[in-house]
Amino acid sequence: MGRPTLERVHARVVAGLPERVALLDSQPAASLLRQLTDTAIQEYMRSMKKAALLAKLRNDPDLQSRFQGLDLYPGSKKQLELGTVTSGNVAIPSHNFDMNRRRVSSKTYTSSPQLLAVLRRMYTGWEKTFQKLILVQIDKDTANSTEGQRNATTTPSLASQMPFRVLDFQALQAAHANKVAEILLVDWRRALVENIIDNLQDHFDLFLSDRVSYDSSRLKRVLTGLELRLAAQLRQVVRRSIDEWVRFVRHHAESGNLVLPSDTQEIARQQLALEHTIRAPRSSLFSVHLAFVNDQVVVEPSAQDVTAALLEPLDAIAAAVQEIDRLDCDIMGLLSLDRKPLLDFSVDSGTGRDSASRRAVVAECLDALQTAKDAVCASVDHAMQAAHALAAQFAAYTAFVHFDASAFLAELQPIQQQELQLLKQDKTPEDQYLPRLCAQIRRFHELAFRVDVIAFDFVALPLVCVHTSALKKQLRARSLELRDTLISSLVRDARAQNLAITARYAAILARINEKPTNEAQLARLKQFVSESKAVIAGIQREVAAIHVRLDALNEFSHKLSAEDFTLAHSTKEWPLKVAHAADSCDSALEEDKVRMMDRLALEKEAFELDLEHFEGDVRAFTRYGEVEHTDKYVEQAVTLFDALQDARAKAQDFNAREAVFGFPPTEYTPLLAKLEGDFAPYYKLWTMSSEFHSSRQTWLNGSFLELKGGAIEALVTEWWKASYKLSKSLVDDAPGSAEVALILRERTEEFKAYLPVIQSLASPALQERHWEKLRHTIGFEEAEEELTLQLLLDRGITQHLETIQEIGTFAEKEYLLQKSLSAMIAEWEKVEFQTAAYRETGTYLLRSTDEIVALLDDHLVKTQTMRGSPYIKSIEKDCKAWEKKLQYSQQLLDEWMACQRTWLYLEAIFSSEDIMRQMPTEARRFASVDALWRKSMEDTVAEPAFLTVIAMDKLLAKFQRANEKLDEIQKGLNDYLEMKRLHFPRFFFLSNDELLEILSQTKEPRAVQPHLGKCFEGVFNVTFQDGPPLLITEMRSAEGKLYR
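So that you can map any letter, position 320 of the sequence shown is 320 in full-length UniProt numbering, and since no number is skipped, the others follow by simple counting.
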């Protein structure tokens, strides 16, 4: 461009621009002049270059062929072939230029200096301050606004805070979005509203109160135009925020693959090789960890949580923009306009021009949001594959977590016991317990160290830093726990066995160190010392086996406690202690043997002197005969009898001690037998005499009701007979003793006369009515509790013996009947109904009632026999009541079992909905019976005692009515079946049950298939076509012939 042209342009600028050309408040005229001049020069240079190029293309064929495919000049061959018009004159219709000029001037923004000032402020503020704002926080300079730059020194960068916890990251992004939204609301929108009011309040009426007038005014069009410009600016923020966020996520999600070796040695080798190349934890965006949850190794927070955290800022962008309202609601205060978002992302429905235009405004942003969400989800899924692969690597080592150590040890326990038993039997067991136990211990021991080298304590991926230390610690702790449990079991068993062995050794040693006090103990101790050598050899084999098990723990570097170590090795020292004690014991036993032989000889001499004294004592009893000295003689007899018993025991002891020393036994038995035989009659006489006198006083003066007639009669009879025999046998050798025996016989004979009184009256059969009759007959006033035999004898009771026996006999008969009735009632108190659940019906059936029926029949016969007894009067009322209860029970059981049989038959029928629909009356009747049955059986199961069940209120009447209903139901059922047979006579060939089986499945025609052979001669089965409808397509005979 030539200089004269530029000077003419500059002269016009210096002369001043028209008022309609607005300058920015902050931009000086000189700056604007330079910018405009530069623009004009650049446009001029471009136009000249283009003209020169086109001129050369027209004149240079070589250049045309080179750039032919670019269509750079008009009239090219390609354009001509397409029929494109490249030049021409366009006719312009005539128009009123002045009028159009005035119309344009009145409608454009540039016609109003106030509007130009508003626009200038809008664009200047946006380009300088708000254009660079984004609603997400990322480490990028373009994301920092002026406000953000002022806070750059106080707000740490994302990189310095990584890796984030998911919740912290969400809070950080939410805070940033709120902060930027606040800037847009206050610094951008509110400032613009105030500027509009300041500039336009004198040019437009901002206090309109009529909505119709406002809608048709130029002010609304002006505000709408401004809002559209603001919406366009806001869309830029939204799009740039979305694009930056997607770029940010993709940056952190790239290269997320991780190849994990499976071999432990390879893992260790790679750890050493990667020490210098491993990513630092702060290079990852999020911090996650592996956890063992519900038997699975999972990443926490999960991939879904991470995705949600990265999607939330996108939703926050839309939410923040939704908070920025349109301008008219604040500018037109008197109209009370609704507050509507400048960018309404919820405008996805409705009709009308306004809704359509606003959907078009936000459609691009909504599409961008959805595309961004899809991209974020895809990036996270790709980036989390490595974390999941790491989790899978750990999952391969979690199968042992639920290993049941207790069950495993319980399984090995019988094997261990069997091996120990074989060792005690001096047999070599098959070694299974220790290898199996050590194999498991070795497995957990190796796992405890293997999990540590699966991966580093953290694996820094681009998106997430996966921390594995907690999981490794958990798995290692579990494996060590299982290992230690098995080791502790082995050590505990070894400790128990060592303690038992130590106790056995201690018992052997204590037994060897015992001091024998007699010959038997001496012999047993010698035998024990001899046998202990074999026992100790067996124990030593057990000890060796225990030490083999404990030595196996050295492989796992397990250190025994001081107590267990000392205990285990002390078992090897015990044999020496026992052997030393056994040698000492042998010497001591020889000394004890000599001492005991001397003592035995002295004791035998003393015993022989005692036997001579016993002979004199026995001869002395031949001279005793004074009855008044009975107590004295009885005491001497008892003393001598005890002495003879002691002598026999001592003789046996002497013989046993002589056997210990190898001496022949001394024969004391003949002498002792002669002494006992000679003394026996005198001992029996005097003890019997003493017992009779003491017992007679008790019987005569003691409580009469406590006397036992049968026992007293047996004793008196025995004494009477024995005294007679003794009087005969002692008359020659001891006439005094024979006289005593005769006196005892006379006194027992005298007492036998009282036995009928005792047997008749000292009986629990006598009731108060019997005693009243006795008082009236004999004539005494005392109560039966105060009576004694002596008192009755004094009242002359023997004179009324016949009456007494008659009353006693009658009472005994009544008492036997009462006992029989009580026994029957007691027997029924133990009887219970037996029940069993019936299929899946939820109710029960009675079973095993035959025993109850038999018992009822038996007791009815017994009760009726009792009622025929002449002695029944006292209990006749109770007996009649019991008979009535038995008869009621018999009737109830008959009705119950009849109801059960019929209910079982009908329950299967009326369980079909088809039958219930076809027979509604019978179905209702059966429902009432079924309810009674279920209630009765439920009560019986709860209280199965027979007497409790039959006491239920009106149970017999209920079952009688139920059976009547069941009879009516069966009659109705038979009538129904006959009606069906009349409709289809071939049903006469089927039984009731077969016909009911068909009728209970009316919606299933194929139910007739099993019964075709009975209904139609020669037909075996048919083939149904798949329906609906079900059509018979083939028929097969019994011989296999097919008919179509």
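Even glycine gets a Cβ: it sits at the ideal position worked out from N, Cα and C. All figures in this text were calculated on a predicted structure; none of them were measured in a lab.
Rounded to the nearest angstrom, how far is the Cβ of residue i from that of residue j, given a contact under 8 Å?
i: Q474; j: A395; result: Contact doesn't hold; Cβ gap of about 13 Å is too wide.
i: A545; j: L423; result: 6 Å
i: residue 1065; j: I950; result: Residue 1065 lies beyond the residue range present for the chain, which begins at 1 and ends at 1044; the question has no answer from this structure.
i: L327; j: L223; result: 6 Å
i: L334; j: S209; result: 4 Å
i: W719; j: L744; result: 7 Å
i: A582; j: V529; result: 5 Å
i: V941; j: T849; result: Actually they do not touch by this definition, with Cβ atoms about 15 Å apart.
Below 8 Å between beta carbons: does that hold for residue i and residue j?
i: V466; j: L290; result: yes
i: L567; j: T669; result: no
i: S723; j: T698; result: no
i: G972; j: M916; result: no
i: F400; j: F444; result: yes
i: residue 1045; j: F130; result: Residue 1045 cannot be examined here, being either before or after the span of the chain that is shown, 1 to 1044.
i: V246; j: L311; result: no
i: F614; j: K650; result: no
i: V321; j: L234; result: yes
i: L342; j: D325; result: yes
i: P462; j: A383; result: yes
i: E7; j: I138; result: no
i: D493; j: Q416; result: yes
Mapping the DSSP letters down to three states, classify residue i as helix, strand or coil.
i: E7; result: helix
i: Y844; result: strand
i: D732; result: coil
i: G148; result: Confidence is the limiting factor: at G148 the pLDDT is only 42, short of 50, which leaves the residue's position unreliable, though a coordinate-based value still follows. Three-state DSSP puts G148 in a helix.
i: Q271; result: Here the model assigns Q271 a pLDDT of 45, short of 50, so the residue's position is not dependable, and the following value carries that caveat. Of the three classes helix, strand and coil, the one that applies to Q271 here is helix, per DSSP.
i: Q864; result: helix
i: F456; result: coil
i: V548; result: helix
i: F444; result: helix
i: F164; result: strand
i: T669; result: helix
i: T153; result: Reliability of the predicted coordinates at T153 is poor, the pLDDT of 37 falling under 50, and no value is obtained from them.
i: S532; result: helix
i: L135; result: coil
i: T428; result: coil
i: T39; result: helix
i: L1042; result: strand
i: L82; result: Here the model assigns L82 a pLDDT of 49, short of 50, so the residue's position is not dependable, and the following value carries that caveat. L82 falls in the coil class under three-state DSSP.
i: E608; result: helix
i: T108; result: coil
Whose C-alpha, out of the options, is nearest the C-alpha of residue i?
i: A927; options: I950, W903, E943, Q42; result: W903
i: K515; options: G710, L525, A303; result: L525
i: D733; options: Y624, A303, S820; result: Y624
i: N963; options: L335, E750, M897; result: M897
i: L789; options: A753, M1035, F810; result: A753
i: E691; options: L409, Y633, L675, D583; result: Y633
i: F408; options: Q385, R339, I487; result: I487
i: V638; options: F458, K684, P163; result: K684
i: P163; options: L1042, F458, E814, V491; result: F458
i: D215; options: L192, G677, E182, M332; result: M332
i: L560; options: F621, V491, I852, L611; result: V491
i: H629; options: V740, G709, P681; result: V740
i: T863; options: K884, I758, K472; result: K884
By DSSP's criteria, residue i is part of a beta bridge. Which residues make up the other side?
i: R925; result: Partner(s): none; R925 has no beta bridge.
i: F169; result: In DSSP, F169 forms no bridge with anything.
i: Q834; result: R847
i: D953; result: Paired residue(s): none; D953 is not in a bridge.
i: S287; result: C465
i: E300; result: H289
i: D325; result: P341
i: A945; result: E832
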